[in-house]
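Position one of the sequence shown corresponds to residue 1 (the numbering used here), numbered consecutively onward.
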Amino acid sequence: MQECIGRFFSQNGKLSDTKHFDSSFLSTPHYIYEAFRVIDGIALFLEDHLARLEETCNLSKKCHGFSIEEVYRQVYKVIEANNFGFGNMKIVLYHVPEKGNLFKIYITEHNYPSEEQYLNGVAVALFIGIRHNPNAKIMDVKLRHATNLMKEQRDVYETLLVDNDGCITEGSRSNVFFIRNDEVITAPLQDVLPGITRKHIFEVCNNLKISLKEQKIPARSVVIMEAAFITGTSRKVLPVNRIDELDFDAYHPITKKIQKGFNDRVNAYILSHKKQINNS
Numbered sequence: 001m002q003e004c005i006g007r008f009f010s011q012n013g014k015l016s017d018t019k020h021f022d023s024s025f026l027s028t029p030h031y032i033y034e035a036f037r038v039i040d041g042i043a044l045f046l047e048d049h050l051a052r053l054e055e056t057c058n059l060s061k062k063c064h065g066f067s068i069e070e071v072y073r074q075v076y077k078v079i080e081a082n083n084f085g086f087g088n089m090k091i092v093l094y095h096v097p098e099k100g101n102l103f104k105i106y107i108t109e110h111n112y113p114s115e116e117q118y119l120n121g122v123a124v125a126l127f128i129g130i131r132h133n134p135n136a137k138i139m140d141v142k143l144r145h146a147t148n149l150m151k152e153q154r155d156v157y158e159t160l161l162v163d164n165d166g167c168i169t170e171g172s173r174s175n176v177f178f179i180r181n182d183e184v185i186t187a188p189l190q191d192v193l194p195g196i197t198r199k200h201i202f203e204v205c206n207n208l209k210i211s212l213k214e215q216k217i218p219a220r221s222v223v224i225m226e227a228a229f230i231t232g233t234s235r236k237v238l239p240v241n242r243i244d245e246l247d248f249d250a251y252h253p254i255t256k257k258i259q260k261g262f263n264d265r266v267n268a269y270i271l272s273h274k275k276q277i278n279n280s
């Protein structure tokens with residue numbers, strides 16, 4: 001997929017034509033990034049994404065030199081300049097020896113699940129691998145290539161990472177939740193990327209009075225789980241119908257309740273932010 005689309009992108013606070021976009025950073029071993037949805041011209045949960053960006057910068061000791069408020073304004077400058085309504089955007093921070101830190105905001109191509117996948121679920125596979133410094137959203141190019149290769153070889157939608165202790169932590173591009181005995185279970189925060197959708201799933205479960213707990217999830221324990229789903233910016237809440245050779249219930253009522261609760265939350269956010277823009 002093409003990394004940067006649209007007519008304009010922002011680099012270090014200045015709008016530029018996308019014909020000048022340099023994507024060579026994609027081959028660097030590590031770079032800081034955030035990806036988020038735009039729906040009806042509104043950057044979804046942007047405040048959460050910018051807070052996580054700041055946390056990643058602090059953990060990695062890298063700085064982009066802009067306030068959260070200024071980055072927020074830059075995002076909407078790119079949206080406005082491109083008359084952009086629906087899709088995905090990225091914020092990327094990386095270092096070039098002769099240029100220093102480069103901070104880019106741009107529209108990128110996306111690949112959302114189909115309605116059939118949201119309804120019937122997707123297949124995933126277990127993968128032995130860990131993300132170093134998992135709380136920071138830093139691209140691990142080597143791990144990404146390895147998991148992409150497994151997805152192609154096994155014809156699965158996603159891979160679930162299994163750590164050195166044999167426990168499932170997260171997906172290569174998602175967080176993962178399991179359901180057993182009317183309880184939702186996910187890996188502890190210190191072991192995973194603090195996903196923005198993950199955060200909102202906790203709030204949805206609290207509002208719906210659905211029990212949710214964090215605990216270590218040994219890979220061998222998947223045989224006793226009733227259902228599973230993965231979450232993420234592009235995935236929202238996506239049921240799992242198979243892990244390796246083990247089938248799962250993609251129609252579990254708790255999964256469906258959480259799907260609806262999250263979608264309602266998204267719609268409420270878009271509506272309230274459109275009102276703020278119209279009144280400003």
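Glycine included, every Cβ here is placed at the ideal spot set by N, Cα and C. Just so we're clear, the structure is a prediction, and the values are computed from it rather than from any experiment.
Take H252 and list the residues in its own chain whose beta-carbon comes closer than 8 Å to its own, dropping the five residues that flank it on each side.
If you number the sequence shown from 1, residue 252 lands on position 252. Correct list, in chain order: I179, E226, A227 and P239.
Return the residue from the list H30, D22, C4 and S10 that minimises the CA-CA distance to D140.
Counting from 1 along the sequence shown, the entry for residue 140 is found at position 140. Sorting H30, D22, C4 and S10 by C-alpha distance to the C-alpha of D140 places H30 at the top.
Beta carbon of P194, beta carbon of N135: below 8 Å?
Here residue 194 is taken as the residue at index 194 of the sequence shown, counted from 1. Here residue 135 is taken as the residue at index 135 of the sequence shown, counted from 1. It is a contact, given that the beta carbons lie within the stated cut-off.
Using only alpha-carbon positions, find the residue among E54, D155, V192 and I224 that is nearest to N133.
Start at 1 with the first residue of the sequence shown, and residue 133 comes out as number 133. N133 has its Cα closest to that of V192, out of E54, D155, V192 and I224.
8 Å CB neighbourhood of G171 in its chain, flanking five on each side removed
Translated into positions along the sequence shown, residue 171 becomes position 171. Excluding five sequence positions before and after G171, the CB atoms of its chain that fall closer than 8 Å to its own CB belong to V124, E158, T159, L160, L161, I230 and G232, given in chain order.
How many whole angstroms separate the CB atoms of Q11 and L102, which I take to be in contact at a CB cut-off of 8 Å?
Position 11 of the sequence shown, counted from the start, is the residue given in the question as residue 11. Position 102 of the sequence shown, counted from the start, is the residue given in the question as residue 102. Indeed they touch by this definition, with Cβ atoms about 6 Å apart.
What are the uninterrupted segments assigned as beta strand (DSSP E) that are 3 or more residues long and contained completely in the region 133-190, given in chain order?
Counting whole runs of 3 or more residues, the region 133-190 contains the beta strand (DSSP E) stretches 158-162, 167-171, 175-180 and 183-186.
I'd like the span of the alpha helix (DSSP H) that includes V38, first residue to last.
Taking the sequence shown and counting its residues from 1, one reaches residue 38 at position 38. No alpha helix (DSSP H) contains V38, which is instead part of the beta strand (DSSP E) from I32 to I39.
Cut-off 7 Å between Cβ atoms - residues of its own chain near R37, not counting five sequence neighbours on either side:
The count along the sequence shown starts at 1 and reaches residue 37 at position 37. Excluding sequence neighbours, R37 sits near L44, N88 and T233.
Please indicate yes or no: does the CB of E116 lie closer than 7 Å to some heavy atom of the ligand FAD?
Looking for the ligand FAD in the displayed structure turns up nothing, as the structure carries no ligands at all.
Whose C-alpha, out of L126, R73 and I138, is nearest the C-alpha of S60?
On the sequence shown, residue 60 is found 60 positions in, with the first residue counted as 1. Of all alpha-carbon atoms in L126, R73 and I138, the one lying nearest the alpha-carbon of S60 is that of I138.
Three CB pairs or more closer than 8 Å across the region 200-210 and the region 258-277:
Taking a contact to require three or more Cβ pairs closer than 8 Å, the region 200-210 and the region 258-277 qualify as touching.
Given D244 as reference, the closest of T255, R52 and V223 once Cα atoms are compared:
Start at 1 with the first residue of the sequence shown, and residue 244 comes out as number 244. The candidate whose alpha carbon is nearest that of D244 is V223.
Determine contact between the region 109-121 and the region 59-76, defined as no fewer than three beta-carbon pairs at a distance below 8 Å.
Counting C-beta pairs closer than 8 Å gives fewer than three between the region 109-121 and the region 59-76, which falls short of the contact rule.
What residue from R173, I130 and E116 has the CA that sits closest to D290's CA?
In the structure as shown, the chain begins at 1 and stops at 280. Residue 290 is therefore absent and cannot be evaluated.
Please say whether K209 and E183 have beta carbons closer to each other than 8 Å?
On the sequence shown, position 183 is the one that residue 183 refers to. On the sequence shown, position 209 is the one that residue 209 refers to. For E183 and K209, no; Cβs fall outside 8 Å.
Is the separation between the beta-carbon of I42 and that of H273 shorter than 8 Å?
The residue given as residue 42 occupies position 42 in the sequence shown. The residue given as residue 273 occupies position 273 in the sequence shown. A contact, by the Cβ cut-off of 8 Å.
Using CA atoms only, rank isn't needed, just tell me which of D155, N278, T186 and Q74 is closest to S16.
Reading the sequence shown from its first residue, position 16 is the one you call residue 16. Nearest to S16 by alpha-carbon distance, out of D155, N278, T186 and Q74, is Q74.
For R242, list the residues DSSP reports as bridge partners.
Residue 242 sits at position 242 when you count from the first residue of the sequence shown. Bridge partners of R242: A123 and D247.
Measuring CA to CA, which of Y94, I68 and H200 is closest to Y269?
The count along the sequence shown starts at 1 and reaches residue 269 at position 269. Measuring from the Cα of Y269, the nearest candidate turns out to be H200.
Per-residue DSSP class, three states only, for G65
As a position in the sequence shown, residue 65 is number 65, starting the count at 1. Judged by DSSP in its simplified three-state form, G65 adopts coil rather than helix or strand.
Exposed or buried, what is R220 when buried is set at 16 or more other beta-carbons lying within 10 Å of its beta-carbon?
Here residue 220 is taken as the residue at index 220 of the sequence shown, counted from 1. By the 10 Å Cβ count, R220 comes out exposed.
Smallest Cα separation from L271: which of I79, I258 and D40?
The count along the sequence shown starts at 1 and reaches residue 271 at position 271. Checking every option, the nearest Cα to that of L271 belongs to D40.
State yes or no: is the C-beta of E54 within less than 8 Å of the C-beta of I68?
As a working note, residue 54 is residue 54 in the sequence shown. As a working note, residue 68 is residue 68 in the sequence shown. Result yes, Cβ atoms of E54 and I68 sit closer than 8 Å.
Quick test of your reading: H49 and E34, contact by CB under 8 Å. State the CB separation rounded to the nearest angstrom.
Numbered from 1 along the sequence shown, position 49 holds the residue referred to as residue 49. Numbered from 1 along the sequence shown, position 34 holds the residue referred to as residue 34. Here H49 really is in contact with E34; their C-beta atoms are around 5 Å apart, less than 8 Å.
Take the Cβ of T28 as the centre, count every other Cβ of all protein chains shown within 10 Å, and call the residue buried at 16 or more, exposed below.
As a working mapping, residue 28 is identified with position 28 in the sequence shown. Counting other Cβ atoms within 10 Å of its Cβ, T28 stays below 16 and is therefore classed as exposed.
Under the three-state reduction of DSSP, which class applies to V192: helix, strand or coil?
The residue labelled residue 192 in the question sits at position 192 within the sequence shown. V192 falls in the coil class under three-state DSSP.
Contacts around I168, its chain only, beta-carbon distance under 6 Å, and the 5 residues preceding and following it disregarded:
To locate residue 168, count along the sequence shown from 1; it is residue 168. In chain order, L160, V162, I217 and A219 place their CB closer than 6 Å to the CB of I168, counting only its own chain and leaving out the 5 sequence neighbours on each side.
Smallest Cα separation from N120: which of V266, R7 and D247?
Within the sequence shown, the letter at position 120 stands for residue 120. From the listed residues V266, R7 and D247, the smallest Cα separation to N120 is found for D247.
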